[in-house]
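Each remark here refers to the structure printed beneath this line.
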Amino acid sequence: SVRSALPLKKLAEPKPLHFPTIDDPVIKKLASQGKAQIFTTDLALAVLMSAPRSVISWDLVVQRSGSSLFIDIREGSSVYDTTVNETAQDAPDDENKEQA
Numbered sequence: 009s010v011r012s013a014l015p016l017k018k019l020a021e022p023k024p025l026h027f028p029t030i031d032d033p034v035i036k037k038l039a040s041q042g043k044a045q046i047f048t049t050d051l052a053l054a055v056l057m058s059a060p061r062s063v064i065s066w067d068l069v070v071q072r073s074g075s076s077l078f079i080d081i082r083e084g085s086s087v088y089d090t091t092v093n094e095t096a097q098d099a100p101d102d103e104n105k106e107q108a
């Protein structure tokens, strides 16, 4: 809480930007228990959900292990790039840039 604030601790080693779905310990546990057949991350699911309106290319990797499917984003994919208004109805045009 705010009353008992703790100072931030610096990580000895930062977490990797790309962490494959199949290597996630929680997903591994769920897959071994047979809780589901398709596993993915929030980022890969967001890519799938925005695919019909996306103008920037993206790349998904689907791996099969036994009866389970693991959907992941390829390392180095353009999904990791920060974009603005990528799925906007009316994308901003360069002509009105000075008016902003």
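In terms of our numbering, the sequence shown is residues 9 to 108.
Each residue gets a CB set at the ideal place from its N, CA and C atoms; glycine is no exception.
It should be emphasised that the depicted structure is a prediction, and the values quoted were computed from it without experimental measurement.
Using a threshold of 8 Å, state whether the C-beta atoms of residue i and residue j are closer than that.
i	j	result
S75	I30	no
I79	A52	yes
V87	W66	yes
L77	Q45	yes
A54	F47	no
Which of the three DSSP states is assigned to residue i in this structure?
i	result
D32	coil
R61	helix
L38	helix
V87	helix
V10	coil
What does residue i pair with, by DSSP beta-bridge criteria?
i	result
T48	I79
With residue i and residue j assumed to form a contact (beta carbons below 8 Å), what rounded beta-carbon distance in angstroms separates them?
i	j	result
R82	V69	5 Å
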